[in-house]
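*Asks:* Under mature numbering (1 follows the signal peptide of the UniProt record, and there is no 0), the letters of the sequence shown match residues -16 to -1, 1 to 194, in that order.
Note that CB positions come from ideal geometry on N, CA and C, so glycine has one too.
Note that the structure is predicted; figures quoted are calculated from it, not measured.
Structure in C-alpha cells, see below.
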Amino acid sequence: MLALLMISNVFSPVSAVTPVKVKLHEAATLPCNQTCSGLVTWTVFRKQRDILAQCNQTSCQSKEGFHMSHDQYLKGDLSLTITDVDDIKTSWYTCECEGVDICDLSIQIESVNVHKHFHPGESLSMDVNVSEPVEVILNRTGDTKPNTVKLCEIRGREIQCVPEYEKRVSFSSSLQLKDLEESDCGVYNIRDTRNDEVIAAYSVIAGGKI
C-alpha cells in the first residue's frame, strides 16, 4: 500500500486515489465528476496525443473498446468506460478539460484466488492468460526445503524454469505441473512483472489435509 501511495504522489497532480480494480476481461469505469463546458479528453497518462475518448458540447467520440456518454458529460459526469480490461490496459489514465488535468486514475486486475486439493501423482493446471511477462513463485508450506522458490518465468510462448521443476512443467495457455508430491504444497503466485501485480494465487494442499 505504501508503494501505491508513493506512485500516486509521483505521477498524479491530484491527491492519491485507490486504483479501480476489475476482473480480467470485464468492463471498468474510471470515475471523474467535474464540470467542464469545453473539450474533455481521456488519454493514457503522458500520452496526450493518443486520445482514447473525447466529448464537447456537441458530441462524443471514442476509440474501440472505450466509451464516454454525452448525456453524462452534460451533467458533469466525465467518466470513461473500458469495455474489456486486459493486462495491456492496466495503466494510469488522465482526463483533461481544455488541456488542464482534472482526474488521474489507474486500473488493476483483481487477483484470482484458487484452492486445490491433490493426491500424489496428479497434475496442477494454472491459467496464465495474459500477454505480459509473468513469473511463478511457490511459497512452500513445509519446512523440508527452502520456503520460497521462483519456479518459472514466462515471456510470450517461452518459459524458463528452475532445474528442480523444468522436467515436470509444460506450458500452452496454462501452466501444467505434473507428478505432484507433498513437497509441492503451498501457494503459487503468478505475478505480472511489468505491473508488479499478483494476478492469481493457487493454494495447493495434499488430499486429506486442511
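By the three-class DSSP mapping on this structure, what secondary structure does Leu36 have?
*Replies:* Leu36 falls in the strand class under three-state DSSP.
*Asks:* Spatial neighbours of Ser144 within its chain, please: C-beta separation below 7 Å, excluding the five flanking residues on both sides.
*Replies:* Rather than Ser, the amino acid found at residue 144 in this sequence is Gln. Only Cys136 and Glu137 meet the Cβ criterion.
*Asks:* Does the region 76 to 87 come into contact with the region 21 to 36, if we say contact requires no fewer than three beta-carbon pairs (one atom in each stretch) closer than 8 Å?
*Replies:* Result yes; three or more Cβ-Cβ pairs closer than 8 Å.
*Asks:* Quick check on Val118: buried or exposed, where buried means 16 or more other Cβ atoms within 10 Å of its Cβ?
*Replies:* Under this definition Val118 is a buried residue.
*Asks:* What's the call for Ala11, buried or exposed, on a 16-neighbour Cβ count within 10 Å?
*Replies:* With fewer than 16 other Cβ atoms within 10 Å, it is exposed.
*Asks:* Which residue's Cα is closest to the Cα of Arg30: Ser90, Glu142, Gln41 and Thr19?
*Replies:* Of Ser90, Glu142, Gln41 and Thr19, the residue nearest in Cα terms is Ser90.
*Asks:* Measure from the alpha carbon of Lys47 to the alpha carbon of each residue in Gln160, Tyr149, Val112 and Ala37, then state which is nearest.
*Replies:* The shortest Cα separation from Lys47 among Gln160, Tyr149, Val112 and Ala37 belongs to Ala37.
*Asks:* Taking Asn179 and Thr13 to be in contact with their CB atoms under 8 Å, please state how far apart those CB atoms are, rounded to whole angstroms.
*Replies:* Rounded, the Cβ-Cβ distance is 20 Å, inconsistent with contact.
*Asks:* Quick check on the burial criterion: 16 or more other C-beta atoms within 10 angstroms. Buried or exposed for Ala184?
*Replies:* By the neighbour-count rule (16 or more Cβ atoms within 10 Å), Ala184 is buried.
*Asks:* So does the region 144 to 155 actually touch the region 59 to 67, counting three or more Cβ pairs closer than 8 Å?
*Replies:* No, the region 144 to 155 is not in contact with the region 59 to 67.
*Asks:* Can you grab the Cα-Cα spacing for the pair Asn173 / Thr2, in whole Å?
*Replies:* Cα to Cα, the separation comes out at about 23 Å.
*Asks:* Would you mind sorting Arg175 into buried or exposed? The rule is 16 or more other CB atoms within 10 Å of its CB.
*Replies:* Its Cβ being crowded by 16 or more others within 10 Å, Arg175 is buried.
*Asks:* Taking the alpha-carbon positions, what's the Cys16 to Cys87 distance?
*Replies:* Taking the straight line from one Cα to the other gives about 6 Å.
*Asks:* Quick one, which of Gln18, Ile72, Arg33 and Arg141 has its alpha-carbon nearest Leu8's?
*Replies:* Of the candidates Gln18, Ile72, Arg33 and Arg141, the one whose C-alpha sits nearest the C-alpha of Leu8 is Ile72.
*Asks:* Taking 8 Å as the cut-off, is the C-beta of Leu122 nearer than that to any heavy atom in the ligand COA?
*Replies:* In the structure on display, the ligand COA does not appear, and there are no ligands present to speak of.
*Asks:* Spatial neighbours of Ser21 within its chain, please: CB distance less than 8 Å, with the 5 preceding and 5 following residues excluded, ordered by chain position.
*Replies:* Closer than 8 Å at the Cβ level, and outside the excluded window around Ser21, lie Gln41.
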